[in-house]
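Peer 1: For what it's worth, our numbering labels the leading residue of the sequence shown as 21, then goes sequentially. Where is the CB? At the ideal position from N, CA and C, for every residue including glycine. Quick caveat, the model's predicted, so the values are computed rather than measured. Provided herewith is a single structure, encoded as structure tokens, for subsequent inquiry.
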Amino acid sequence: MIIGAYTYDDGANTNEGRAFVYYGSAAGLSASPNSTPDDANQSFASFGVSVASAGDVNGDGYSDVIIGAYFYDDGGNIDEGRAFVYYGSAAGLSASPNSTPDDANQPGAFFGVSVASAGDINGDGYSDVIIGANQYNDGANTAEGRAFVYNGSAAGLSASPNSILDDADQAGAFFGISVASAGDINGDGYSDVIVGAYGYDDGANTAEGRAFVYHGSAAGLSASPNSTPDDADQFNAQFGISVASAGDVNGDGYSDVIIGAFTYDDGANTDEGRAFVYHGSVAGLSDSPNSTPDDADQFNAQFGISVASAGDVNGDGYSDVIIGAWAYDDGANTDEGRAFVYNGSSGGLSATPSGAPDDADQAGALFGVSVASAGDVNGDGYSDVIIGAWEYDEGANTIEGRAFVYHGSATGLSPTPNSTRDDADQTDAALGGV
């Protein structure tokens, strides 16, 4: 498991950022981090603003990781951004990065604001990665945004991007604010990707948001999007703030996707938020959402700020999903935050959440700012999840941040966290933001 702390101070480097890697075992996660990469070596780089598994980019049988630093200054390009890829091995992560892509080549591009494995988009047996730069200026389109895809090989990641995506064609779209593998939504054996553009204007609906799905093939990603879901149909819904593969929630053999719209208004509940799930098929994504969970039922909960596959937490053979609502008020704890888990089935996602963890127990913790599958950290055959609370106060360490891990079982997620990680041990580290 990897956790980012993007405002961590490393000696003289204020807000350099750091990431913390924990190994799984039969007993669960290691009690302390096994690796703490922090190779930005620059103040205000925000290393760790995004973290993800990179899959196995060099095909050596070990998983690799990717970490974004969106405020990294590259020469005269202030805040261009950079990503750092570390290879796994029998001894653990490499001590220094094996690859540091930074191909935005533009000041203020925010390259690395989002990073993810792209799966294997060209079917060569090596994992690929995708990196977002949501403030990239494309000609006259200021902050249109762009995403960059790098293919893996026996030698590691390609030295330059193999595909550059920028199909928002609109100023202020912020294309690339979120990027993810979409799994294989059309079942052709190649991984697909999804990119969010939460500032996209759809007609009169300013900042409705849109997502863009690209199919993989032997030649790589499609040159233009194969699907562009935008079903919020509402002004300022910010659909696409978060995107992810949902796994296969209905067990039909095709991957599904989930998209968050964290400022969606549900009746009188302004900015309650909503998530949209689309099923895959041989023809690609469904034309309209198959499920639209919105169970925060609270003004300004911002449900959908984060979305992810939860794996299969109850072992029934169907993928489950997890959705964060970082501004959820729990009693007197304003903005404590909450996460909601929905189980898959042959009919799709459950109509109501099967679990709603909220164990920060602290006002302003923003529990749910990030959610993800943790894989199976204890090897019991059930998927586990991790939830971040980046403004959690740990004693005197205000906004140190904390992450909460819940184990899966035949009955679903554990009702209380099985482990909590807060090893930043520093004020304003914001651990758990990603």
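Applying the criterion that 16 or more other CB atoms from any shown protein chain within 10 Å of the CB defines a buried residue, is D307 buried or exposed?
Peer 2: exposed
Peer 1: Could you pull out every residue in the same chain whose Cβ sits closer than 8 Å to the Cβ of T447, ignoring the five residues on either side in sequence?
Peer 2: Cβ within range, chain order: A416, N417, T418, I419 and E420.
Peer 1: In angstroms, rounded to a whole number, what distance separates the CA positions of G408 and T431?
Peer 2: 23 Å
Peer 1: Considering only DSSP beta bridges, list what F360 is partnered with.
Peer 2: Its beta-bridge partners are I343.
Peer 1: Report the rounded CA-to-CA distance for G192 versus G152, giving the unit in angstroms.
Peer 2: 15 Å
Peer 1: To which residues does DSSP link G375 through a beta bridge?
Peer 2: V361
Peer 1: In angstroms with no decimal places, state the Cα-to-Cα distance between Y362 and S70.
Peer 2: 24 Å
Peer 1: Figure out for me which residue from Q62, Y42, T56 and G24 has the closest Cα to the Cα of N33.
Peer 2: Comparing Cα-Cα distances from N33 to each of Q62, Y42, T56 and G24, the minimum goes to Q62.
Peer 1: Alpha carbon to alpha carbon, how far is G95 from A25?
Peer 2: 24 Å
Peer 1: May I ask which residues mark the beginning and end of the beta strand (DSSP E) holding I197?
Peer 2: F195 to G203
Peer 1: Classify V277: buried if its beta carbon has 16 or more other beta carbons within 10 angstroms, exposed otherwise.
Peer 2: buried
Peer 1: Look at the Cβ atom of D443, then the Cβ atom of P121, and state whether they are nearer than 7 Å.
Peer 2: no
Peer 1: Decide if I45 is buried, meaning its Cβ has at least 16 other Cβ atoms within 10 Å, or exposed.
Peer 2: Reading off the sequence shown, one finds Ser at residue 45, where the question assumed Ile. For S45, the number of other beta carbons within 10 angstroms of its own is below 16, and it is reported as exposed.
Peer 1: Which of helix, strand or coil does DSSP assign to V41?
Peer 2: strand
Peer 1: How should P435 be labelled, buried or exposed, when 16 other C-beta atoms within 10 angstroms of its C-beta is the threshold for buried?
Peer 2: exposed
Peer 1: Find out if the Cβ-Cβ distance for the pair Q155, G132 is shorter than 7 Å.
Peer 2: no
Peer 1: Just how far apart, CA to CA, sit D350 and D378?
Peer 2: 8 Å
Peer 1: Check each candidate in V297, G304 and A264 and name the one with the smallest Cα separation from Y274.
Peer 2: G304
Peer 1: Would G203 pass as a contact of I141 if the rule is Cβ separation under 7 Å?
Peer 2: The answer is no: Cβ separation not under 7 Å.
Peer 1: Assign I98 to buried or exposed, taking buried as 16 or more other Cβ atoms, counted over all protein chains shown, within 10 Å of its Cβ.
Peer 2: exposed
Peer 1: Beta carbon of R38, beta carbon of T56: below 7 Å?
Peer 2: Yes, these two residues count as a Cβ contact at 7 Å.
Peer 1: By DSSP, does L49 sit in helix, in strand, or in coil?
Peer 2: coil
Peer 1: If D158 and D187 are in contact, beta carbons under 8 Å, what's the gap, nearest whole angstrom?
Peer 2: Going by Cβ atoms, the distance from D158 to D187 rounds to 10 Å, so no, they are not a contact pair.
Peer 1: Using DSSP's beta-bridge definition, name the partner residues of I261.
Peer 2: Paired residues: none, contrary to the question.
Peer 1: Classify N97 as helix, strand or coil using the three-state DSSP reduction.
Peer 2: The three-state reading of DSSP puts N97 in strand, counting E and B together.
Peer 1: When DSSP builds the beta bridges, which residues end up paired with E414?
Peer 2: Its beta-bridge partners are N417.
Peer 1: Mind checking which residues open and close the beta strand (DSSP E) that includes A138?
Peer 2: For A138, the uninterrupted beta strand (DSSP E) segment begins and ends at F131 to G139.
Peer 1: Please report the Cβ distance between S390 and G452, rounded to the nearest whole angstrom; I am assuming they are in contact, meaning their Cβ atoms lie under 8 Å.
Peer 2: 6 Å
Peer 1: Taking all protein chains shown into account, do 16 or more other C-beta atoms lie within 10 angstroms of the C-beta of N206, making it buried, or fewer, making it exposed?
Peer 2: Classification of N206: buried, given that the 10 Å Cβ count is 16 or more.
Peer 1: From this set, S366, Q318, G101 and G287, which residue's C-alpha is nearest A345's C-alpha?
Peer 2: Looking at S366, Q318, G101 and G287, the one whose alpha-carbon comes closest to that of A345 is Q318.
Peer 1: Less than 7 Å between CB atoms is the rule here; does G335 satisfy it with respect to chain C?
Peer 2: Of the protein chains in the structure, only one exists, and it is not chain C.
Peer 1: Is it buried or exposed, D340, if we count other Cβ atoms within 10 angstroms and call 16 or more buried?
Peer 2: Under this definition D340 is a buried residue.
Peer 1: So G196 and R166 are in contact, right, with Cβ under 8 Å, and what is the actual spacing, rounded?
Peer 2: 6 Å
Peer 1: Between N161 and Q190, which are expected to be in contact by the criterion C-beta below 8 Å, what is the C-beta distance as a whole number of angstroms?
Peer 2: With a Cβ gap of about 6 Å, N161 and Q190 count as contacting.
Peer 1: Our contact map puts G48 next to V397 with C-beta atoms below 8 Å; I'd like the distance itself, whole angstroms only.
Peer 2: 6 Å
Peer 1: Report yes if the C-beta of P373 is less than 6 Å from at least one heavy atom of the ligand SAM; otherwise report no.
Peer 2: Among the components of this structure there are no ligands whatsoever, and the ligand SAM is therefore not found.
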